[in-house]
Every structure is written in structure tokens, then in C-alpha cells.
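In what follows, a single structure is set out as C-alpha cells and then discussed.
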Amino acid sequence: MTIGMTVLIILVVLLAAFVAVFLYRLAVLRRGGTAAILRVTPAPGDTGWRHGVIRYGEGSLVFFKLSSLRPGPDSRIERQGIEVAGRRSPEGSEFDIMSDEIIILSVKDRGSSYEIALDGGALTAFLSWVESRPSGRSVRGRRL
Numbered sequence: 405m406t407i408g409m410t411v412l413i414i415l416v417v418l419l420a421a422f423v424a425v426f427l428y429r430l431a432v433l434r435r436g437g438t439a440a441i442l443r444v445t446p447a448p449g450d451t452g453w454r455h456g457v458i459r460y461g462e463g464s465l466v467f468f469k470l471s472s473l474r475p476g477p478d479s480r481i482e483r484q485g486i487e488v489a490g491r492r493s494p495e496g497s498e499f500d501i502m503s504d505e506i507i508i509l510s511v512k513d514r515g516s517s518y519e520i521a522l523d524g525g526a527l528t529a530f531l532s533w534v535e536s537r538p539s540g541r542s543v544r545g546r547r548l
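Residue numbers for the sequence shown follow our numbering, so the first one is 405 and each next one is one higher.
Spelled out as C-alpha cells, the structure:
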């Protein structure tokens with residue numbers, strides 16, 4: 405076997421692995437969730453926004469970026485630690501990727517902070533998920 409043939413085989417294997425990861429990620433995103441735009445803050449100006457899908461679990465919210473090939477979630481926000489710090493409308497160049505109906509929430513989770521842009525229905529779902537979390541006391545009591 406020549407060196408050229410070995411390089412070709414390695415390239416084909418790498419391409420197959422890339423396609424497999426891409427198809428897995430696509431399958432994960434297609435299983436459902438809520439469309440959202442998220443950015444980790446602080447971020448300069450209007451930058452850092454990423455389109456993706458939010459999935460709510462009992463203990464955490466996970467965010468999958470549309471443009472990522474990572475097998476798992478790109479961000480995780482724990483339900484017990486979450487604090488909604490404020491809300492606002494899109495400003496400036498944010499209108500290039502968001503509509504007038506979008507509300508941007510400032511969210512903090514144990515030292516990390518995010519901004520999440522949601523439409524009306526998604527905002528209601530998010531706030532319901534946050535407000536219906538069990539109290540810290542009942543969670544601690546179940547762990548014992």
C-alpha cells in the first residue's frame with residue numbers, strides 16, 4: 405500500500421466520522437425543543453448570539469447551538485440556581501436576527517450569565533418552567 409493510498413483512507417475515515425457526528429447532531433435537534441437565540445454575557449455590543457434549541461428537563465435547561473457539532477448540549481442552566489434578572493426588547497443590529505415580538509431575558513445561574521431571546525409562546529413556557537420549580541427545601545429533603 406502506498407503513502408497516497410493510506411492518506412486517502414485516513415481522509416475517507418475522517419470524512420465519515422464528520423458526517424456521522426453531523427447526522428447525530430441533526431437527529432438530536434430534530435427530536436424537538438423550543439427555538440431560541442442565546443448568548444453568554446458579558447458580550448461586546450450586539451455580538452455573541454447563537455441560534456439553537458432549548459430543551460427543558462426536571463433539573464436543568466440545555467441549549468443546543470444549530471451550528472455546533474458537539475455531541476452534547478452547548479450550554480446548561482440549572483433550574484434551582486436560575487434567576488431572571490431582567491427583560492428587554494431587541495436593540496440596534498439585534499433586529500437583523502430578531503423580530504419585534506422577541507423578548508430578551510437576562511438570566512443568571514450560579515456565577516454564569518446569559519441572555520435568551522424568546523418569542524411569546526417560548527417566553528411563557530420558560531417562565532412557567534422556572535416558576536414551577538420545587539423549592540430549595542423540598543429538593544434538599546428528597547435527597548436525604
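Using N, Cα and C, we set each Cβ at its ideal position, and we do this for glycine too.
Which residues DSSP lists as bridging residue i, in chain order
i    : result
E519 : R443 and S510
Chain-order list of residues whose beta-carbon lies under 6 angstroms from that of residue i (same chain, five-residue window excluded)
i    : result
I441 : W453, H455 and A521
G436 : none
R443 : G452, W453 and E519
D450 : G496, S497 and E498
S472 : D478
L430 : none
Coarse secondary structure for residue i, derived from DSSP in three states
i    : result
E498 : helix
E487 : strand
S539 : coil
L548 : Bear in mind that a pLDDT of 42 at L548, under 50, signals an unreliable position, so the number given afterwards is only what the model happens to contain. In the structure shown, L548 sits in coil (DSSP, three-state: anything other than H, G, I, E or B).
Close-in-space but distant-in-sequence residues of the same chain around residue i (CB under 8 angstroms, 5 per side omitted)
i    : result
L527 : I507 and L509
R492 : I507, I508 and S510
T438 : V457, I458, R459, Y460, L522, A526, A529 and F530
L470 : L433, R454, H455, G456 and V457
F490 : This sequence places Gly at residue 490; Phe is not what is there. For G490, where only same-chain residues beyond five positions count, the Cβ hits under 8 angstroms are L509 and S510.
Same chain, Cβ closer than 7 angstroms to residue i, five either side skipped, listed in chain order
i    : result
P477 : V466, F467 and F468
E505 : D523 and G524
For the pair the stretch 479-488 and the stretch 459-468, tell me if three or more CB-CB distances fall below 8 angstroms. yes
What beta strand (DSSP E) runs, 3 residues minimum, are completely inside the stretch 419-485? 438-445, 454-460, 464-469 and 479-482
Can you confirm whether the stretch 472-481 touches the stretch 504-518 when touching is taken to mean that 3 or more C-beta pairs between the two stretches lie within less than 8 angstroms? yes
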